[in-house]
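Student: Quick one: structure below, then a few questions.
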Amino acid sequence: MPYEIIDEGDGLHARLYGFVAPFELMECNREVAEHPDWVRHRYHIFDHTEMDSDSVWAFPDVTSDAIADEDRALYADRMNLTRVALVAKSQKMREIFKDYAARNPLPPHTTLGIFSTLESARQWIRDSRDAGETPVDADRAASAGGS
Numbered sequence: 215m216p217y218e219i220i221d222e223g224d225g226l227h228a229r230l231y232g233f234v235a236p237f238e239l240m241e242c243n244r245e246v247a248e249h250p251d252w253v254r255h256r257y258h259i260f261d262h263t264e265m266d267s268d269s270v271w272a273f274p275d276v277t278s279d280a281i282a283d284e285d286r287a288l289y290a291d292r293m294n295l296t297r298v299a300l301v302a303k304s305q306k307m308r309e310i311f312k313d314y315a316a317r318n319p320l321p322p323h324t325t326l327g328i329f330s331t332l333e334s335a336r337q338w339i340r341d342s343r344d345a346g347e348t349p350v351d352a353d354r355a356a357s358a359g360g361s
């Protein structure tokens with residue numbers, strides 16, 4: 215498995231590294247969504263910064279559709295999740311993230327952010343935590359164009 219899922223208490227950090235095939239990305243995504251302690255997680259970070267740059271070219275155009283469709287089902291009842299951060303150094307991977315985001319894969323109270331560094335994603339998570347953001351606040355931020 216070219217990924218590791220780290221439980222950070224109130225969130226999960228999924229670190230993908232090396233060559234990651236589309237099915238492995240979806241497998242990681244399912245493991246994060248179905249984590250046994252999901253009820254206490256307010257955020258997820260999907261960190262692609264150590265992913266082999268060749269991986270991106272293995273992702274067909276349908277990957278964003280397939281992942282977004284699956285995420286709509288996996289996250290439909292996750293009222294606790296307020297932030298999801300997608301992180302990649304690769305511009306091509308961030309374009310794939312934007313394509314995924316355009317498919318509205320997450321509930322309306324969950325804000326999705328796309329970042330080029332893990333540090334900026336973590337700051338975004340900290341800012342929401344420092345502000346005492348709740349799922350209702352996240353819903354307002356998302357509808358106001360936040361993130």
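In my numbering, the protein residues as written are 215 to 361. For every residue, glycine included, the Cβ atom is placed at its ideal position computed from N, Cα and C.
Specify the secondary structure class of E333 as computed by DSSP and reduced to three states.
Tutor: Helix.
Student: Helix, strand or coil for V234 per DSSP?
Tutor: DSSP places V234 in coil when its eight states are reduced to three.
Student: Go ahead and pull the three-state DSSP assignment for A355.
Tutor: Confidence at A355 is low in this model, with a pLDDT of 42, below 50, so its placement is unreliable and the value that follows should be read with caution. In the structure shown, A355 sits in a helix (DSSP, three-state: H, G or I).
Student: Quick check on D342: buried or exposed, where buried means 16 or more other Cβ atoms within 10 Å of its Cβ?
Tutor: The question names Asp, yet the displayed sequence has Ser at residue 342. So S342 ends up on the buried side.
Student: Looking only at its chain, what residues have a beta carbon closer than 7 Å to the beta carbon of A247, apart from the 5 residues adjacent to it on each side?
Tutor: Around A247: L288, Y289.
Student: Give the DSSP-derived three-state secondary structure of L295 in the structure shown.
Tutor: Coil, per DSSP.
Student: Taking only three categories from DSSP, how would you classify D224?
Tutor: Looking at D224 - three-state DSSP - the assignment turns out to be coil, as it is neither helix nor strand.
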